[in-house]
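Only one structure is covered here, and it is reproduced in the block below.
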Amino acid sequence: MQIFENTEIAFKHRSDKELKKAAILFRYMKNPVIVKIAGILANLGIRFNLPVKWLVKPTIFDHFCGGERLEESRELINFMAKFNVRCVLDYAAENQKSEDEIQAVINEIIRTMDFAVNNPSVPFSVFKPSALAPVQILANAGSGEISATRHLPEIEKFRNNVKTLCQAAFERGIPVMIDAEESHYQDIVDKVAIEMMELYNKEKAIVFNTIQMYRHDRLNFLKDCLGFSQQKNYHLGLKIVRGAYMDQERARARKMGYPSPVYADKQSTDNAFNSAISLCLENIGNTSLFVGTHNEESLLFLTDKMNEYNLKKDDQRIYISQLQGMSDHISFNMAHESYNVAKYLPYGPFQYLLPYLIRRVEENKSVTGQAGRELQFISREIIRRKSLINKKQ
Ligand SMILES: Cc1cc2nc3c(=O)[nH]c(=O)nc-3n(C[C@H](O)[C@H](O)[C@H](O)COP(=O)(O)OP(=O)(O)OC[C@H]3O[C@@H](n4cnc5c(N)ncnc54)[C@H](O)[C@@H]3O)c2cc1C
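In the working numbering, the protein residues as written are 1155 to 1547.
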């Protein structure tokens, strides 16, 4: 696809050495045996606090992450900004349990907002709901109205934690995205997110909720969200993704004996994803859209639709995003074409990032999957650079 093909633009920010290193990494990630061993090692590392850092840090960690501390990411953020590619600082905390841990996460996320206030290259902040309350508590509160669950002190704590972050985002004028995780605790997250949008999105979209389009109930949920926002007169902030927990969702549904919440086939997910984009653009008057995907067809669908609705490429209500270390051919080419691009840049203590890294490796493992595509573009750029040197000689 023409817009994504220019590897010179896609990898201008990578030195020859970095490109070669990335090629080796994706070559390994295409190998299912190596991926399996790496997955086992990483899981053992998490469970028993094993010293796997020496292996993971210089390889996948450095490729997919900004660093262990916020300040370590600064140089990379400033460098990417030269290519019109912005970043979302994603503090990689999930499944926090104790109050002290949760408070530390809240403080750190507010630090990312403070960092963003002084840096136009960081246009959003983000957090994971499971970083603000134990997952079991969120799951138990899943059903019922938020007003009915208010009396539950644990849920009230979660709601207050979310509110603290949304209020901080509002005061600083830095939009905040609430990531989506597994469906069995999403209901309470949706309820709180809608409440926060009603509170803070009167003038513009400050709070963004995430909708995972691999769930077959989400198009209706999206329509409900559009309806609520229009009735109550606030801006709807939405991050649209396909969803990262398909295997876990299916396994849990099988184990607990309920129908899987995820579509049975990829095509249905793709159709729902495109329908979500169409619906958001039809309602762009009061909707802001953040599209997180590495799928080229979806992004072409988005750009065609933007054209159809006469929306400017850099319309401030529309952002596209890929994860750090993935799909630079999309991010850098689209940014070059003046679309708003912000890459998710995870950072945080090494142990916190291991679950995230396992998900990235899993996502990249199949030969037909992401690693193959990444490798194809990187190899093409390595060959292009070599041919330039040969021509000069
Ligand atoms: C910036 C950004 C933010 C993200 N935030 C979140 C988040 O908050 N929550 C979250 O869950 N994920 C999040 N993701 C991950 C995302 O949901 C996807 O897992 C990932 O981007 C791969 O999907 P894709 O659209 O890029 O690519 P594609 O390769 O087109 O799609 C792969 C996805 O399709 C779906 N799929 C694959 N096979 C099937 C099948 N047989 N049946 C049904 N569906 C299928 C799955 O969702 C799979 O992940 C984010 C991704 C990005 C880039």
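Glycine included, every Cβ here is placed at the ideal spot set by N, Cα and C.
{"Check": "From the DSSP output, which residues share a beta bridge with P1500?", "Outcome": "D1244"}
{"Check": "Taking the continuous beta strand (DSSP E) assigned at M1367, which residues delimit it?", "Outcome": "That residue, M1367, is in no beta strand (DSSP E); it is neither H nor E in DSSP."}
{"Check": "Indicate, with yes or no, if ligand 1 has a heavy atom lying under 8 Å from the CB of H1448.", "Outcome": "yes"}
{"Check": "Helix or strand or just coil, what does DSSP make of F1281?", "Outcome": "strand"}
{"Check": "For G1439 and I1328, I'd like the C-alpha separation in whole angstroms.", "Outcome": "20 Å"}
{"Check": "For a test of your reading of the model: does the CB of G1523 fall under 8 Å from any non-hydrogen atom of ligand 1? Yes or no.", "Outcome": "yes"}
{"Check": "Mapping DSSP to helix, strand and coil, what is I1634?", "Outcome": "Since the displayed the chain opens at 1155 and closes at 1547, residue 1634 lies outside it and no answer follows."}
{"Check": "If you count every other CB in all the chains shown that lies within 10 Å of the CB of Q1290, and 16 or more means buried, which is it?", "Outcome": "exposed"}
{"Check": "Just verifying my parser: in three-state terms, what is the DSSP assignment at K1211?", "Outcome": "helix"}
{"Check": "Relative to the C-alpha of V1361, which candidate in G1381, F1427, S1452, E1349 has its C-alpha closest?", "Outcome": "E1349"}
{"Check": "Determine the extent of the beta strand (DSSP E) in which V1445 is found, giving its start and end residues.", "Outcome": "1441-1446"}
{"Check": "Taking Cβ positions, are D1244 and Y1473 nearer each other than 9 Å?", "Outcome": "no"}
{"Check": "By DSSP, does Y1473 sit in helix, in strand, or in coil?", "Outcome": "strand"}
{"Check": "Return yes when the C-beta of Q1476 is under 8 Å from any heavy atom of ligand 1, and no when it is not.", "Outcome": "yes"}
{"Check": "With a 10 Å radius around its C-beta and 16 neighbouring C-beta atoms as the bar for buried, classify V1521 as buried or exposed.", "Outcome": "Caution is warranted here: a pLDDT of 46 is assigned to V1521, below 50, making its placement in the model unreliable, and no coordinate value can be reported."}
{"Check": "Got a sec, what are the start and stop residues for the beta strand (DSSP E) V1138 sits in?", "Outcome": "With the chain running from 1155 to 1547 in the structure shown, residue 1138 is simply not present."}
{"Check": "Cβ-heavy atom distance between V1515 and ligand 1 below 8 Å?", "Outcome": "no"}
{"Check": "In three-state DSSP terms, what is F1427?", "Outcome": "helix"}
{"Check": "Identify every residue that forms a DSSP beta bridge with V1239.", "Outcome": "V1495"}
{"Check": "Would you say the beta carbon of A1246 comes nearer than 8 Å to a heavy atom of ligand 1?", "Outcome": "no"}
{"Check": "Could you pull the DSSP bridge partners for F1312 from this structure?", "Outcome": "In DSSP, F1312 forms no bridge with anything."}
{"Check": "Can you give me the Cβ contacts of A1295 inside the same chain, cut-off strictly under 7 Å, excluding the 5 residues immediately before and after it?", "Outcome": "T1303, L1306, I1309, I1342"}
{"Check": "How about Q1257: is its Cβ closer than 8 Å to a heavy atom in ligand 1?", "Outcome": "no"}
{"Check": "Compute the minimum distance between the beta carbon of E1225 and the heavy atoms of ligand 1, and state whether it is under 8 Å.", "Outcome": "no"}
{"Check": "Rounded to a whole number of angstroms, what is the C-alpha to C-alpha distance between K1282 and I1264?", "Outcome": "13 Å"}
{"Check": "Enumerate in chain order the residues of its own chain whose CB-to-CB distance from H1389 is below 6 Å, with the five nearest sequence positions on each side excluded.", "Outcome": "N1355, K1358, A1359, N1440"}
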